[in-house]
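In case it helps, UniProt numbering puts the sequence shown at residues 1 to 590.
Heads up, the beta-carbon is just placed ideally off N, CA and C, and yes, glycines get one too.
The structure appears below as structure tokens.
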Amino acid sequence: MFRGLSYLLSIIKIRLYLINFLSIIIFAFYTFINKKQYHKIYWSQLKSMIGQNNTIDKIELINNKEALIYTLENKYYKMNINDNFEERIYSINTDIDVDHIYPSLLESSLNTIISTLLILGLFLIVVKLLDVFTTTPKKNIAEKTNVKIEDVRGCFNSKTEVLEIADIVLEPKKYLELGTKIPKGVLMEGPPGTGKTLLAKAIADKYKANFYLMSGSDFIQPLVGMGSKKVKNLFKLARETSPSIIFIDEIDAIGKSRTKNTSIANDERDNILNSILVEMDGFNQNKSVLVIGATNRVDTLDKALLRPGRFDRKVNFQLPIFEERKDIIGYYWDKYCIDKNIDKETQNEKITNITYGFSCADIENIFNEASIDAGKNNDKCINLLNIDNAIDYILLGNKLKKTINSSEKETIAYHEAGHAIVSYLLPGVNNPSKVSIIPRSKGALGFSQSIPEEDKNLYTKEELHAQIMVLMGGRLSEQIFLNKITNGAYDDIEKLNQIAYNVIAHFGMNKNIGFRKIYSEQQGYWRKESDKLVSELDKEIDLLLKDLEQKTLKILETNKEIIVNIKELLIEKETIDFNDIDTIVTNKNQ
1 MFRGLSYLLS IIKIRLYLIN FLSIIIFAFY TFINKKQYHK IYWSQLKSMI
51 GQNNTIDKIE LINNKEALIY TLENKYYKMN INDNFEERIY SINTDIDVDH
101 IYPSLLESSL NTIISTLLIL GLFLIVVKLL DVFTTTPKKN IAEKTNVKIE
151 DVRGCFNSKT EVLEIADIVL EPKKYLELGT KIPKGVLMEG PPGTGKTLLA
201 KAIADKYKAN FYLMSGSDFI QPLVGMGSKK VKNLFKLARE TSPSIIFIDE
251 IDAIGKSRTK NTSIANDERD NILNSILVEM DGFNQNKSVL VIGATNRVDT
301 LDKALLRPGR FDRKVNFQLP IFEERKDIIG YYWDKYCIDK NIDKETQNEK
351 ITNITYGFSC ADIENIFNEA SIDAGKNNDK CINLLNIDNA IDYILLGNKL
401 KKTINSSEKE TIAYHEAGHA IVSYLLPGVN NPSKVSIIPR SKGALGFSQS
451 IPEEDKNLYT KEELHAQIMV LMGGRLSEQI FLNKITNGAY DDIEKLNQIA
501 YNVIAHFGMN KNIGFRKIYS EQQGYWRKES DKLVSELDKE IDLLLKDLEQ
551 KTLKILETNK EIIVNIKELL IEKETIDFND IDTIVTNKNQ
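Here it is as structure tokens:
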């Protein structure tokens, strides 16, 4: 019945569009054949034209309501007339030819018909553009998603938890026999690119469930009430075609906490949210419909969405840890054409270390960008250089073909050499893996990259101090060797100040501030701290930064010759790695 109704509606819409098209053709033809341009005039003007030298050729009276005036100069005029118009004309000049025109019924109705059809056509076009009638969501049958559970890599714990819930909802028989109260929804929380949508599609494939993908913003319609109707149609269709999965991406667009703001936009969003809550409450225990919401702003969601009976489970998706990244890299390594001479295990380990902080999507993008780089160089397979270039592209952007003068190049080289030597010599920070003075599109004129040997979540006070010293190394190297400083340390200064602030204000690593937490985002009346405590915080940060500055200067002064050698090699090669730095330091110490 539903398909028959949809077919009937589609036929009606097609015919309406054809009518609109034909009306436009008729209107264009009518306009084309009616080329005369009539200028509106008044009785005083017409009287003057007749009285001066009588340039009037003839006058046509249309239904005794409108006069069309034709002149000997091939100009055309029109004016509205009253009952004694013809008598007034003849009182001025009896030789003027006045004709009475009474259009046929078809001709008089033509303008009305065309106007009506055009208005109807414009309405249909507007409705189509606003997507008012497309209240049924795009339906993706699970078998067509072509996503298997084996394709979802990383997110080991999250995947297991969501699969457990899906099994309860989509195959509820054994659980109902045990008296289990079937959950209705699961909320996936986490940063973009961590596999939330991919996992939902894979679950639909595993359980042969119909998959309905919607974004939160898809429910927001230009006409009030249409969003709620879209929700009702979606849930009705899901129940009729169960087992099914409704996946609402970016659910925070419609699920934000309700406020007392009475604007129309808020009212419509609240209506949509209420409709979702009502529909979820209306599920029967055996309907086999799983609602999955995805967001990276769970803190903004309305509490009514999160209570038991709606989104019963909340599953956190995090950026992949070491083993998960290794699994993802191995998966995509086998999917792309990569040089067989490359040792997969060794390079997998190396790339896994480099990609700390990458999402699942970022890792996939490495291989895609590497394949693009290989294609541009006409390589038959992806090589290590392609992968290295892809990682640099994702982190830093494209290499810029801009010319840097020798003075700036030397400044950048000293700056990066300062970072590199402090990173190399200090314990508690990662060794420099790559140092470059090639400008990049994301704003970096150079960079010093360090690869962590393992994923790390906890840092000691000494390790955080060492991070600050590495960031100071670039600016202080400029100061020592060039006797000047530049704005190139802008990003370093921002980062080191943030670390210093966290060490004292948030991490309790200062004996004078102790365990007090400072809420920097709150100012004035709303600030929880006393002025004395804030003043003490500023003082302690200042003391810490000055102490670490002196320690960093000492390292740089002690290793001047090494820094000069690193700078010269950077100017020569533009990009160096850990082995180059290690060789320079080793040769100096022999």
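Nearest-angstrom beta carbon gap, residue j and residue i [assumed within contact, 8 angstroms]
i: R153; j: I328; result: 4 angstroms
i: L548; j: M469; result: 5 angstroms
i: S158; j: F317; result: 5 angstroms
i: G185; j: F311; result: 4 angstroms
i: K537; j: I513; result: Residue identity check: residue 537 is Leu in the sequence provided, not Lys. Rounded, the Cβ-Cβ distance is 6 angstroms, consistent with contact.
i: I149; j: A202; result: 5 angstroms
i: M188; j: V315; result: 5 angstroms
i: S407; j: P432; result: Not quite, the Cβ-Cβ distance comes to about 24 angstroms (not below 8 angstroms), so this is no contact.
i: E478; j: G428; result: Rounded, the Cβ-Cβ distance is 24 angstroms, inconsistent with contact.
i: I438; j: L384; result: Actually they do not touch by this definition, with Cβ atoms about 18 angstroms apart.
Secondary structure of residue i, DSSP reduced to three states
i: I576; result: strand
i: R440; result: strand
i: T583; result: helix
i: A390; result: helix
i: K78; result: strand
i: F358; result: coil
i: Q449; result: strand
i: V429; result: coil
i: L61; result: strand
i: D491; result: helix
i: I101; result: strand
i: T71; result: strand
i: K434; result: strand
i: H415; result: helix
i: I404; result: coil
i: N338; result: It is worth fixing the name first, because residue 338 is Ile in this sequence and not Asn. Correct three-state label for I338: strand.
i: I485; result: coil
i: E454; result: coil
i: residue 591; result: In the structure as shown, the chain starts at 1 and stops at 590, and residue 591 therefore has no counterpart that could be examined.
i: K40; result: strand
i: K139; result: Note that K139 has pLDDT 46, beneath the 50 cutoff, so the model's placement of it is unreliable and no number is given.
i: I351; result: helix
i: I96; result: coil
Beta-carbon gap between residue i and residue j smaller than 8 angstroms
i: P452; j: N353; result: yes
i: I248; j: G293; result: yes
i: I404; j: I338; result: no
i: T300; j: S242; result: no
i: S441; j: L395; result: no
i: K434; j: T575; result: yes
i: I245; j: A209; result: yes
i: I571; j: A420; result: no
i: I272; j: F235; result: no
i: D95; j: L72; result: no
i: I92; j: I50; result: yes
i: N587; j: E540; result: no
i: L445; j: I412; result: yes
i: G375; j: N348; result: no
i: D373; j: N389; result: yes
i: Y424; j: S371; result: no
Contacting residues, own chain, Cβ-Cβ under 8 angstroms from residue i (five flanking each side not counted)
i: T552; result: V422, M469, M472, G473 and L476
i: L569; result: I576, D580 and I584
i: K232; result: S275 and E279
i: E250; result: S215, G216, S217, A294 and T295
i: E143; result: Residue placement at E143 cannot be trusted, given a pLDDT of 46 that sits under 50; the coordinates are not used to answer.
i: P192; result: N296, S359 and A361
Proximal residues to residue i (C-beta, below 6 angstroms), its chain only, five neighbours per side dropped
i: A67; result: I59, L61, M79 and I81
i: Y393; result: E369
i: S217; result: A253
i: G179; result: none
Beta-carbon contacts of residue i that lie in its chain and below 7 angstroms, excluding the five residues immediately before and after
i: M280; result: K184, G185, V291 and R310
i: N365; result: I394
i: Y102; result: N63
i: V147; result: L198, K201, A202 and D205
Problem - Minimum length 4: unbroken alpha helix (DSSP H) runs contained in the UniProt domain "AAA+ ATPase" (182-322) - result: With a minimum length of 4 residues, the continuous alpha helix (DSSP H) runs that stay inside the UniProt domain "AAA+ ATPase" (182-322) are 196-206, 226-240, 252-255, 264-281 and 303-306.
Problem - Whole runs of the alpha helix (DSSP H) within the segment 505-565, excluding any shorter than 4 residues - result: Runs found: 531-558.
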